[in-house]
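Per this note's numbering, the sequence shown starts with residue 5, numbered consecutively.
The beta carbon of each residue, even a glycine, is placed where N, CA and C say it ideally should be.
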Amino acid sequence: STMEAQRFNWFYEIPAHAGGLSFETQFENNSKGEILIVGEFRGKQDFDLNIGKYFLEGQTGSKNIFVNNYSINGDLNWATHFESKNYSFSLLSYTLGDDGSAYLQGYFKDSLWIHSKDSTYRYNYPGRADFLSRLGATGKVEWINIQKQDSGSIGVYDMAVDGSRLILCGTINDIVKLDNMDPLSRVHALGGANTFIACYDTLGLFKWVKSIGGDTATDVSRAYRMTINNKTEILVTGWFEGKMDFDPSANKKELSAIAEDMFIAQYDSVGNFMWNYNIFCSRVGRILEVDVDEQDNVFFTGYFRGDSISFLKGNSQNKISSTSNSTALFGKLSKEGRLSFMNSLKYLDTSRNGWLRGVEISAQKDGQFYLGGNYNHVVNFNPIGNLVLDTAGTYGSGYIAKYDSSGMLIWVESFENYIEVNEVFINSDSTISIVGATNGVQVDVDPGEGVQRLNKNGAIYWVNWGDVSPLLLDTAFSVEFQAKYEDKIRIFPNPSLGQINIDVGDLEVIDINLYSANGRLLLRQNVMNTQVCIELDIEFSPGEYFLEIKSKTDSYWKKLIIR
5 STMEAQRFNW FYEIPAHAGG LSFETQFENN SKGEILIVGE FRGKQDFDLN
55 IGKYFLEGQT GSKNIFVNNY SINGDLNWAT HFESKNYSFS LLSYTLGDDG
105 SAYLQGYFKD SLWIHSKDST YRYNYPGRAD FLSRLGATGK VEWINIQKQD
155 SGSIGVYDMA VDGSRLILCG TINDIVKLDN MDPLSRVHAL GGANTFIACY
205 DTLGLFKWVK SIGGDTATDV SRAYRMTINN KTEILVTGWF EGKMDFDPSA
255 NKKELSAIAE DMFIAQYDSV GNFMWNYNIF CSRVGRILEV DVDEQDNVFF
305 TGYFRGDSIS FLKGNSQNKI SSTSNSTALF GKLSKEGRLS FMNSLKYLDT
355 SRNGWLRGVE ISAQKDGQFY LGGNYNHVVN FNPIGNLVLD TAGTYGSGYI
405 AKYDSSGMLI WVESFENYIE VNEVFINSDS TISIVGATNG VQVDVDPGEG
455 VQRLNKNGAI YWVNWGDVSP LLLDTAFSVE FQAKYEDKIR IFPNPSLGQI
505 NIDVGDLEVI DINLYSANGR LLLRQNVMNT QVCIELDIEF SPGEYFLEIK
555 SKTDSYWKKL IIR
């Protein structure tokens with residue numbers, strides 16, 4: 005039996021070779037567990053994660069971007085190389101269809117080459133061209149749609165494919181055409197910058213566009229992330245300053261921002277307004293990811309800077325204060341847009357300049373969810389108790405935490421040393437994929453007793469874990485370990501009112517963990533080897549709990565009674 009919350013399965017690294025390698029902060033996956041990875045590279049780069057070799061070679065004097073599709077097991081399905089002689093070239097947003105095809109939006113100037121396995125596609129356009137494109141299930145170009153800027157500009161920040169529809173969201177200013185061949189795609193942003201939602205079919209044909217925002221130069225909004233729920237309704241998150249009208253029709257649903265305020269808004273399948281929820285910021289706030297469960301509850305995460313954020317729960321105004329330079333937040337809304345909960349991860353050492361962000365949230369069908377992000381120094385991940393992790397240095401660490409549907413912590417793990425967690429995907433086989441980039445070496449990614457280290461600095465990594473629900477302790481298991489350490493460990497008083505003493509003798513203890521009766525991790529305390537007697541103050545309701553005293557090789561379990 006084990007109380008580990010997850011098991012290590014495997015990991016891959018894409019190391020940077022002589023030319024160099026960079027990555028985008030947005031990875032994508034589909035229902036089959038395939039992952040799309042996009043990034044810039046230079047020189048000759050092997051993108052096969054297994055023992056085989058598959059090289060792409062970046063051309064000197066060009067900007068080179070790779071677009072790769074990998075299977076759920078890490079096998080390379082296809083790799084495509086985008087190249088532009090002009091450095092005014094970027095891929096801004098992309099998504100992965102369930103058939104393995106990729107949709108990409110970006111811009112180039114003058115000319116663009118797209119190299120797939122056995123063909124090269126070249127596109128010429130005078131000046132700068134924003135474009136939307138589809139790569140088929142083998143990585144070959146199937147179509148390119150030119151989006152003409154007219155007097156304005158386009159910034160696409162997220163997209164999602166849903167059956168035969170491709171939905172985009174982002175920001176426009178002034179006048180743009182989202183399809184150079186379709187006059188109905190011309191849209192005018194009245195404010196300084198407006199949010200837009202647009203629909204195409206999967207053949208690249210424009211269908212409709214909605215512009216949302218203010219009507220003066222000081223009204224600015226940006227859609228940052230989106231998802232599509234089980235009813236094909238569209239959820240958009242972003243931020244705004246000045247005024248914002250969330251209803252694209254003649255009706256008004258207008259709000260004024262305090263500073264740079266966050267929003268979540270829902271629209272039906274053809275872009276008609278349904279509801280919006282706002283988080284007011286004393287300075288700056290960003291929602292970086294949004295997801296839904298099987299009941300279409302909405303989960304979101306991000307961060308804020310400044311003194312505090314304020315928000316409505318029911319009819320009452322609530323507030324969360326910041327304890328760091330950047331404070332992570334996460335929350336849940338009902339399918340009607342009513343707040344269920346909002347929590348922050350608390351930064352505890354205010355004497356140091358810390359930062360803390362939630363960058364990824366993925367919801368299971370049952371409403372439990374994973375939270376991923378990055379932090380430095382000392383952070384409490386438990387909304388109702390203490391579970392503190394410390395990076396023990398100035399560089400940041402990545403974290404992955406799991407919470408139940410009410411926002412209570414189940415477990416949390418961190419990757420020590422400098423590493424970025426960019427995405428946490430839930431796969432069809434119930435494993436989870438964690439992807440991001442390393443900025444250090446010797447990073448242990450095994451949450452159990454084993455050691456599995458990432459060894460490459462500046463690499464893209466991909467870790468696969470299996471989620472194991474915490475197990476209740478049976479009598480035989482408890483008695484076995486109690487007998488083994490009977491003469492070494494004393495826990496008193498037990499029962500207690502919550503204050504207990506733990507005498508570990510000469511046992512080299514690493515951690516002390518407290519679990520609820522149903523296996524939820526409530527508290528973790530790191531132990532110095534010099535500590536012989538440890539005092540523990542348990543501030544939870546009366547009942548049964550399980551205490552784990554963990555050494556380098558074993559764990560000792562004891563049932564506690566709190567009166």
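For Y403, the beta-bridge partners assigned by DSSP are G377, S418.
DSSP lists D166, D205 as the bridge partner or partners of R169. M266 is the residue among M266, S273, K317 whose C-alpha sits nearest the C-alpha of L292. Taking G208 as the centre and dropping the five residues before and after it, the same chain places the C-beta of L136, R138, W147, N149 closer than 7 Å to its C-beta, in chain order.
For S215, the enclosing beta strand (DSSP E) begins and ends at 210 to 216.
Rounded to the nearest whole angstrom, the C-alpha separation of K257 and L53 is 50 Å. In this structure K336 does not touch N380 by the C-beta definition: roughly 27 Å separates them, more than the 8 Å allowed. In terms of Cα proximity to S168, the closest of D370, T241, K211 is K211.
Every candidate alpha helix (DSSP H) stretch fails here, since none sits fully inside the segment 91 to 159 while reaching 4 residues. Here N81 is actually not in contact with N90; their C-beta atoms are around 30 Å apart, not less than 8 Å.
Looking only at Y403, S410, N77, S215, the smallest Cα-Cα distance to V274 is reached by S215. Straight across, the Cα-Cα distance linking R11 with I495 is about 30 Å.
Using a Cβ distance threshold of 9 Å, N233 and V296 count as a contacting pair. Looking at the DSSP output, N282 sits in a beta bridge with F267. Taking one beta carbon from each stretch, the segment 43 to 53 and the segment 119 to 134 have fewer than 3 pairs nearer than 8 Å; the two do not touch.
For V191, DSSP records a beta bridge to V180. In this structure V160 is in contact with G174, their Cβ atoms being roughly 4 Å apart against a cut-off of 8 Å. Straight-line spacing of the CA atoms in Y519 and L526 works out to 5 Å.
In the DSSP assignment, S312 falls within the unbroken beta strand (DSSP E) covering 312 to 317.
Taking the Cβ atoms as the reference, I171 lies roughly 6 Å from M163, within the contact range of under 8 Å.
If you look at L53, you'll find it isn't in any beta strand (DSSP E); DSSP assigns it neither H nor E. Non-local C-beta neighbours of D134 in its own chain, meaning closer than 7 Å and more than five positions away in sequence, comprise Y111, Q151, Q153, I158, ordered along the chain.
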